[in-house]
Amino acid sequence: MKKIDILTIGAGGGAYPAAFRLAKAGKDVVMIDSKGIMSGNCLAEGCVPSKALREAADIYRISKKVGLFGLGGKVGFNYAKVVEHKDRIQKIRYEQHAKELKEASKHLKLIKGVASFLDEHTIEVETEKGKKRIQSRKYYNRQRCRCSSTTYKGC
Ligand SMILES: Cc1cc2nc3c(=O)[nH]c(=O)nc-3n(C[C@H](O)[C@H](O)[C@H](O)COP(=O)(O)OP(=O)(O)OC[C@H]3O[C@@H](n4cnc5c(N)ncnc54)[C@H](O)[C@@H]3O)c2cc1C
C-alpha cells in the first residue's frame, strides 16, 4: 500500500493551493478528485461558467441601450454561441491547470477517482482501473460545494 504525508479529498480551489505549497515544501502529497483535474466546482459549474454567462447577458442588456449613445445596430442573441463562449473559457482554464500540474513538484500527484475512508489513516480510491488503497499521515478534506441544476425558459 502506498504511504504518503498528506492526502486531499478533492482538488478544487480549497485543496489544490495547499497541495501545491506542501509538495513544494517537500511533502509527498496526493490529491484525489472524481473529476480527475484541479479546480473543482468553481470551474466546472460555479464561479467561472456563471461569470462567463453573466458577462454575455450584461453585454446583451447594455447593447439594447446603444441608441441612447447615438450608436446604431442590433446585437443578436444565440444561446448556443453563448454556451460555446463559456465552454471555450473553461477549456482554456482546464488546459492551464493541466499544465500547472505537469510542471508541479515531483512530490505532487493527482488521482482520478472517488475516495472513501476505510479507517482514520487509510483511504480507498475507486478509479476507472479498480480500487487502490493509500495510507496518509494527514488528510485535507475539501469536497464541499454541492451544485444543483435547473433549466430556464429558452435554454
Ligand atoms: C453558480 C456558482 C457561482 C459561484 N461563484 C463564485 C464566485 O464568483 N467566487 C467565489 O469565490 N466562489 C464562487 N462560488 C463558490 C465556489 O465554487 C466554491 O466556494 C468552491 O468551489 C469551493 O471549493 P472547494 O475546493 O472547497 O470545493 P469544490 O470546488 O466543491 O471541490 C471539491 C472537489 O472534490 C471532488 N470530490 C467530492 N467528493 C469526493 C470524493 N469522495 N472523492 C474524490 N473527489 C471528491 C468534487 O468532484 C470536486 O471536484 C460559486 C459557486 C456556484 C455554485
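Note that the numbering used here has the sequence shown beginning at 11, numbered continuously upward. Positions of the beta carbon are idealized from the N, C-alpha and C atoms, including for glycine. What you are looking at is a predicted structure, and each value in this text was computed from that prediction instead of being measured.
Assign residue i to one of two classes, buried (16 or more other C-beta atoms within 10 Å of its C-beta) or exposed (fewer than that).
{"i": "residue 16", "result": "buried"}
{"i": "residue 164", "result": "Note on residue 164: pLDDT 48, under 50, position unreliable in the model; the coordinate value appears next. Classification of residue 164: exposed, given that the 10 Å Cβ count is below 16."}
{"i": "residue 70", "result": "exposed"}
{"i": "residue 51", "result": "buried"}
{"i": "residue 157", "result": "Bear in mind that the predicted position of residue 157 carries a pLDDT of just 49, short of 50, making it unreliable; the figure below should be weighed with that in mind. Burial call: exposed."}
{"i": "residue 30", "result": "buried"}
Tell me whether residue i counts as near ligand 1, meaning its Cβ is closer than 6 Å to at least one heavy atom of that ligand.
{"i": "residue 124", "result": "yes"}
{"i": "residue 151", "result": "no"}
{"i": "residue 19", "result": "yes"}
{"i": "residue 56", "result": "yes"}
{"i": "residue 60", "result": "yes"}
Residue i lies in the alpha helix (DSSP H); which residues open and close that run?
{"i": "residue 60", "result": "57–73"}
{"i": "residue 37", "result": "From DSSP, residue 37 is part of no alpha helix (DSSP H); its letter is neither H nor E."}
{"i": "residue 50", "result": "50–54"}
From which residue to which residue does the beta strand (DSSP E) around residue i run?
{"i": "residue 140", "result": "140–151"}
{"i": "residue 14", "result": "12–19"}
### Query
Counting only runs that start and end within the region 75–137, where is the alpha helix (DSSP H) found for 4 or more residues in a row?
89–112
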